[in-house]
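Residue 668 is where the sequence shown starts when you use this note's numbering, and the numbers rise one by one after that. From the three backbone atoms N, C-alpha and C, an ideal C-beta is built for every residue, glycine too. Being a predicted model, the structure only gives us computed values, none of them experimental. Heads up: the structure comes next, in structure tokens.
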Amino acid sequence: MIFSFRSQFRHQCPRFKSWPWVFNKPHSRNIGWFARPGKANVPSIYKPRREPWLSPTIILVGIIPVLTFGLGTWQLGRLKWKINLIDELQEKLELHPLVLPPKVNLSVLPEFIWRKVSLKGRWDHEHTMIFSPRVREGVHGVHVVTPLIRENGTTVLVNRGFVSNEIAQDLSFTKEEGEVELTGMLRTSPPRNAFTPDNLPEEGKWYWTDVNAMAEHAGGEKANVQPVFVEQIFGE
């Protein structure tokens, strides 16, 4: 039937006789003659989207192991630093208390931080400084810092410890008279928190330990006040 149709079609349409490939070529090639797939105008929305091989997800996946390794290394280093600091503190606290010289060499003072020292003198209550707010075991209070005038006439700053707000209101704890003898630990000014307000010495408001400013408030170099800060140790 198919062959008879071809013969009839060629007989009725002689101009197709010179195009034998219309009938002799495979059907798939005939379609290619009418519509060339490679050059078809396909809208861009139907074309497959090519994803770049370097995407944010790949970058993130590659960075995570690096960050994890760096964080782990930093934590190990910080742990080692803390252990060494604790060992150093324990070693220094076990040493016999030092006797501070009349004139303390401030340049070497950082080497003796955490060392115990023994002091003897009388309190300068007039220049007592109250540091607030402080909290200890859930109790709100203050730290009391009073200059200690030593036997040789020089003065150092002593943190006498924590008292609650109720006791701090009447300031009765500052009236101790006569010569006192105590053991303390050398300290320096701790780093100031970004949210800590400025000290207001003229108003008697202290928020953070600024040893140099505290020494100036107590009289400064003219009154032989040295910027040496000692934290009193009780029970020694």
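{"Check": "Cutoff 8 Å; reference Val784; Cβ partners in own chain excluding five residues on either side", "Outcome": "Pro764, Leu765, Val766, Leu767, Thr850, Gly851, Met852, Leu853 and Val897"}
{"Check": "Arg696, buried or exposed, once every other Cβ within 10 Å from all chains shown has been counted against 16", "Outcome": "Because the pLDDT at Arg696 is just 48, under 50, the model does not fix this residue reliably, and the point stays unresolved."}
{"Check": "Any chain C beta carbon closer than 7 Å to Ser799", "Outcome": "The displayed structure is made up of one protein chain only, and chain C is not part of it."}
{"Check": "With 16 other Cβ atoms within 10 Å as the buried cut-off, status of Trp816", "Outcome": "Just to set this straight, residue 816 is Ile in the shown sequence, not Trp. Burial call: buried."}
{"Check": "Residues that DSSP places opposite Gly788 in a beta bridge", "Outcome": "Arg817 and Val847"}
{"Check": "CB-CB length for Ser774 against Val806, believed under 8 Å", "Outcome": "The Cβ separation is near 39 Å, so there is no contact."}
{"Check": "Residue nearest to Val771 in terms of C-alpha spacing, selected from Leu746, Glu888, Phe736 and Thr724", "Outcome": "Glu888"}
{"Check": "Given 8 Å, three or more beta-carbon pairs between the stretch 869–888 and the stretch 809–827", "Outcome": "yes"}
{"Check": "Boundaries of the beta strand (DSSP E) in which Arg801 is found, first to last residue", "Outcome": "Met796 to Arg803"}
{"Check": "Cut-off 6 Å between Cβ atoms - residues of its own chain near Pro894, not counting five sequence neighbours on either side", "Outcome": "Val878, Asn879 and Ala882"}
{"Check": "Neighbourhood of Gln757 by C-beta, 7 Å cutoff - its chain only, sequence neighbours within 5 removed", "Outcome": "none"}
{"Check": "Beta-ladder partner(s) of Gly828, from DSSP", "Outcome": "Val811"}
{"Check": "Separation of Ile730 from Ser799, as counted between CA atoms", "Outcome": "45 Å"}
{"Check": "Arg745 - DSSP class collapsed to helix/strand/coil", "Outcome": "helix"}
{"Check": "Inter-residue spacing [alpha-carbon to alpha-carbon] between Phe901 and Leu752", "Outcome": "22 Å"}
{"Check": "7 Å CB neighbourhood of Glu761 in its chain, flanking five on each side removed", "Outcome": "none"}
{"Check": "Ala861, buried or exposed, once every other Cβ within 10 Å from all chains shown has been counted against 16", "Outcome": "exposed"}
{"Check": "Through-space distance from Asp754 to Val847, alpha-carbon basis", "Outcome": "31 Å"}
{"Check": "Proximity of His810 and Arg803 at Cβ, strictly below 7 Å", "Outcome": "no"}
{"Check": "Secondary structure of Pro868, DSSP reduced to three states", "Outcome": "helix"}
{"Check": "Neighbourhood of Ala835 by C-beta distance below 6 Å, restricted to the same chain and skipping five residues each side", "Outcome": "Val809"}
{"Check": "6 Å CB neighbourhood of Arg789 in its chain, flanking five on each side removed", "Outcome": "Ile816 and Glu846"}
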